[in-house]
Amino acid sequence: MSWLRSIGARIRHGSSGAIVTVVTAALLGSVLTLGATGHAPEVFDGNAWLWSRQAGELARVNANSGTVDLRTPLLDSRGHPVRVTQDDQNLLLHDLKTGRVTSMDLTRMGFSGSLALAPGADVTMLLSQGLAVIVDRARGLVRSVDPASLQARGEPLQLPAPLVGGAFDASGTLWLGLPEQGTVVAIGAASKGKVEVRRTVPVAAPGQQLAISVLDRGVLAVDRGGDQLVVVVGQQVHRVTSPVRLRGALVPERTVGALAAVTVPQAGAIVAVENTDRGGPVHRLPLPTGERTDQPALPFSGRVYVPDQPSGTVRVLDLAGTEAPPLRLPQAQGDLELQVREQHLFINSADAPVACVVDGRGTVKVVDKYGPKASVPGPGDPTASPTPTPTPDTGTGAPGTRPTPGESERPDEPDDPGAQPPGPPVPVTALAGDGRVELHWGRAAAGSARVDGYRVEWAGGSTQVTGRTLSTTIRGLRNGETYRFRVTAHNRHGWGPPALSGPVVPVDRVPASAGTPTASASPGRVIVTWAGVSGARDYVVVPLRNGDAGSDPPQTVTGTSAEFAGLAAGHRYRFTVTARNDAGGAAPASPPSNEVVPYAVPGRPGTVAGRQVGPNRYEITWTAAAANGRPVQQYQVRTGDGQSLGSTAGGTRRLTVSATGLTRVTVTAVNEAGEGAAGSGAVTAATAPVVQITDVSVTALSVRVRFTVRDGGITATCTTTAGERSATGCGTTTVTGLAAHTSYEVKVQARNPMGTGQATTTVTTDYPQVGGVVTCRDAPTNKDPEYCTSTGGIRVFPRARWQPGTELRRLMPGSRIVATCRVTGEHLEAGVYNRHKASDQWLRLTTGGYIAWVWVTLDNGDDINALPRC
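Residue 976 in this note's numbering is what sits at position 697 of the sequence shown, and the numbering runs on without skipping anything.
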């Protein structure tokens, strides 16, 4: 029976202008996986597969219902940009970071092929009506591959490099631009899997910058150096003059329908070509206000959809330039992916949890890509005729103690979203022998637990091997019958999606083995060559990374050489070659080749940053680039617009340069293979410091200043000055050696190479503070023996006068006082009670009030003149 999960939904309707928006709050419909029969669900029209970067999975969106009906993980590509190419039979997934291409067979619902391309290269995969091609724009190469296995078909087509654009029209013709010749070419399939040029059309002067968009029945070529548009439809060529200069013009790779659009950001315009079959009329539409894009607008059903990456918004224009309500994707980052498929426009951001589907009437459905779980079909019964039960070379028991699922079982779906089964062990290579098939498969991505086993299934049998085993031989097969095999990986969270072999027929006749191949490494690729084998139809070439197969996909070629791109730079490789004859019989593998270490240009330097360290002086820093198989010899530092600033040795991560007004820099690494991709970063401009005084406190002889300094990007030095005295240091400083009770202008200065900042304030130092002891001595011989203590001590008055009854308090002999200044007041004599001390000087106390000096002995030697006058 089929496994279905019903999902409730709520739909909210609304309309505005020409666009009617239907927001799907939850998924509505059924989510399908493989049922009990083991057959894949029907692939309906109106579907598109959309990538979610952070989840690392593909979701198949049904355009008619606006729901996700299938979902499959691609574990090795989680967090990477992935380009998705599809037709009704195959799905190609190109990981742009690693260069790995994976094929999915949509009729059998399994992963069927894998191919390694050079990461970061200008290489694209294209697919139409069973024809798949690899277009290497930089090298001018076009190679046909089998869309399921991704193995080469025939020799590549060499065109004058570089190439621009590339897409199939509705008839299955591939169009490419050749700027060096000023032409576009139409390419179609030829015999024996080759591709050939079927038509060449001049569209511009040789050497002009070209951009092309492929139409339903031809191509639109844009001369980016002038104002000419050329529309090639069937045998007709229409030359159209643009209403604006086309410098920097952008076009989509593929245009569906009779309306084409050319985005010209520098002119703030979109040039719309209506009725492309007739070459016009031409409209000039304004780019929406505030639009910032380096992506082209895409026409669909009489409207133009303009992506605005910073806001995650797609703006909508009609041919009159009238703007309809925009479409927004929450949490969108980077490029917005727009494609027209099956009479619908699909809008996706790989980082957003939702996507939009727009129909020809402008109705919009918002799709929840991260809705309830759904998976592609898992282990099941592939279609094949009944056969006797074969016997494998390896054990048939399940690894560990896990149960053995039956043929109808679907992939496990753990309840814990963090519990991830393995990925598909793609590709599966099947080599036929006499009554047997030797199977090899790729190492599956582990998921959230290590792979503990693999299961191999075919019509009439199955076997399981350990998680470290990547091959097995199935014996007891019937010669002359066709077999297909399905391999799935298991970890403690369950079974992953299946990888599928191509059809294979056991035979009793095999060719001789190939001799030892020779491998040679060049930048970005390894070439493997060998002597031809008599009677061989093709050869399977297997890379052995560090002695083991399974990490890199093999290649099947008809010649006696194979070129491998996308191998892991810096690792040791050998290669084996297996010859196959016309009947499909495979010889034993050749001895391994010599060892080579692939290498490529270095990776992108990380964390590039610059800061100004002086007038026209900047310090640039970065982190090391990946060496990719050869040591980094140097780093090149340039301005944002490409002007050289200097270079350093490969072990250096810092460079000080001279420049004017530097705002952005790039850094590239260079090794034996050449110069790698640039890392870039902003430059922080420096300014003179800014000082702000936050607090000031004084004593009689010093001033303490607290202040903040914005150093302007360069460490500043600070000086605080009061009168002739100064102190250094930033943040808090104290200037000492000042005069008491004196007014000072306090100036704080901060200096860096860009200038000086300062702040000032005015303060008055305190009176000096001199301690002392209250002195009054009672004695039996005195006239009043208890004069000093009998009345509670010596009086403190509010004024410098002896006025009994007005005293503030009394101080007993021996009490400590602190005086700040002196005044002249009433003259007093201490008599015998303090050595007949007599004076008219009075001391002002820090605690308030005045005491006569005759009753105090100062700590400074009783020097009354050391105290200033109040």
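A virtual CB, placed ideally from N, CA and C, is assigned to each residue, including glycine. Note that the structure is predicted; figures quoted are calculated from it, not measured.
Relative to Arg1078, the option among Val1053, Thr966, Ala1058, Arg1123 whose CA is nearest is Arg1123. For Gly955, the CB contacts under 7 Å within the same chain, skipping 5 residues up- and downstream, are Val880, Pro881, Gly882, Arg883, Ala904, Thr947, Ala948 in chain order. Measuring C-alpha to C-alpha distances from Gly433 to each of Arg422, Asn895, Ala427, Pro441 identifies Arg422 as the nearest. Contact check for Pro701 against Gly726 passes: the beta carbons are separated by less than 8 Å. In chain order, Asp787 place their CB closer than 6 Å to the CB of Asp713, counting only its own chain and leaving out the 5 sequence neighbours on each side. For Ala427 and Ile466, the gap between their C-alpha atoms comes out near 21 Å. When DSSP reads this structure, Val550 sits in a beta bridge with Val541, Arg563.
Taking a contact to require three or more Cβ pairs closer than 8 Å, the region 1090-1098 and the region 1112-1130 qualify as touching.
Relative to the Cα of Pro458, the nearest Cα in the group Gly504, Glu475, Ile413 belongs to Gly504. Beta-bridge partners of Asn341 (DSSP): Asn326, Thr346.
The beta strand (DSSP E) runs of length 3 or more contained entirely in the region 429-469 are, from start to end of the chain, 443-447, 453-457, 462-468. Within the same chain, no residue comes within 6 Å of Arg640 by CB-CB distance, once the 5 residues on both sides are set aside. At least 8 Å separates the beta-carbon of Ala576 from that of Thr601. In this structure, Thr1136 sits away from Thr1068, with a CB-CB distance that is not shorter than 8 Å. For the options Thr1021, Pro871, Gly829, Val819, the alpha carbon positioned closest to that of Pro796 is the one of Pro871. Residue pairing by DSSP places Tyr914 opposite Thr927, Ala948 in a beta bridge. The beta carbon of Thr994 sits closer than 8 Å to the beta carbons of Asn1031 from its chain, once the five residues preceding and following it are set aside; these are given in chain order. Beta-bridge analysis with DSSP links Ser799 to Ile806.
In this structure, Gly845 is the residue among Arg477, Gly845, Phe1076 with its C-alpha nearest to the C-alpha of Arg824.
In the three-state reduction of the DSSP assignment, Pro589 falls in the helix class.
DSSP, reduced to helix, strand and coil, places Ile1143 within a helical segment of the structure shown. The way I'd put it, the region 929-946 does touch the region 905-918; three or more beta-carbon pairs between them come closer than 8 Å.
Only exposed fits Gln971, as fewer than 16 other CB atoms lie within 10 angstroms of its CB. The C-alpha of Leu329 is placed about 33 Å away from the C-alpha of Ser750.
Asp587 counts as buried, since at least 16 other C-beta atoms from the protein chains shown sit within 10 angstroms of its C-beta.
Here Gly889 is buried: its Cβ has 16 or more other Cβ atoms, across all protein chains shown, within 10 Å. Taking 8 Å as the cut-off, the Cβ atoms of Leu406 and Thr377 do not count as close. Judged by their CB atoms, Val789 and Gly864 are nearer to each other than the 8 Å cut-off.
Spatial neighbours of Ser470 in its own chain (CB-CB distance under 6 Å, excluding positions within 5 residues in sequence) are not present.
The three-state reading of DSSP puts Cys997 in strand, counting E and B together. Annotation: the continuous alpha helix (DSSP H) that includes Tyr1066 extends over 1066-1069.
Secondary structure of Trp1132 (DSSP, three-state): helix. With a 10 Å radius around the Cβ and a threshold of 16 neighbouring Cβ atoms, Glu717 comes out buried.
The C-alpha of Arg757 lies about 31 Å from the C-alpha of Thr381. In the three-state scheme derived from DSSP, where H, G and I count as helix and E and B as strand, Asp1063 is classed as coil. Spatial neighbours of Ser1094 in its own chain (CB-CB distance under 8 Å, excluding positions within 5 residues in sequence) are listed in chain order as Val1052, Val1053, Gly1072.
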